[in-house]
Amino acid sequence: MEFENKTVLITGGASGMGAASARLFVEAGANVIIVDRNGELAQQTAAE
Numbered sequence: 017m018e019f020e021n022k023t024v025l026i027t028g029g030a031s032g033m034g035a036a037s038a039r040l041f042v043e044a045g046a047n048v049i050i051v052d053r054n055g056e057l058a059q060q061t062a063a064e
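FYI, the numbering for the sequence shown is 17 to 64, going by this note's numbering.
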C-alpha cells in the first residue's frame, strides 16, 4: 500500500507496537502523528 503524502495518526505510539507501526509508516513515506499519554516518550519516539 502506498503511504507517500498520506498522514497517519497513531495512538499509543510512544512504545511497543505503536512505535513499531510508526517506524514502518515513516519508512513507507507517510507523515506520522504520534499521540500517547507519555508525552516525553512520544517526543523521543518521534525524534527517532
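Every residue gets a Cβ at the ideal spot worked out from N, C-alpha and C, and that includes glycine.
None of these values were measured; they are calculated from a predicted model.
Distance CB(residue i)-CB(residue j) smaller than 8 Å
i, j, result
"A30", "I50", "yes"
"I26", "G34", "yes"
Nearest-angstrom Cβ-Cβ length linking residue i and residue j, presumed shorter than 8 Å
i, j, result
"A38", "T23", "At roughly 12 Å, the Cβ-Cβ gap does not stay under 8 Å, so A38 and T23 are not in contact."
"F19", "A58", "No, F19 and A58 are not in contact; Cβ-Cβ is about 20 Å, not under 8 Å."
Same chain only: Cβ atoms within 8 Å of residue i, ignoring 5 sequence neighbours per side
i, result
"V42", "V48"
*asked:* To test your reading of the DSSP string, which unbroken beta strand (DSSP E) runs of 3 or more residues are found completely within the segment 25 to 60?
replied: 47 to 51
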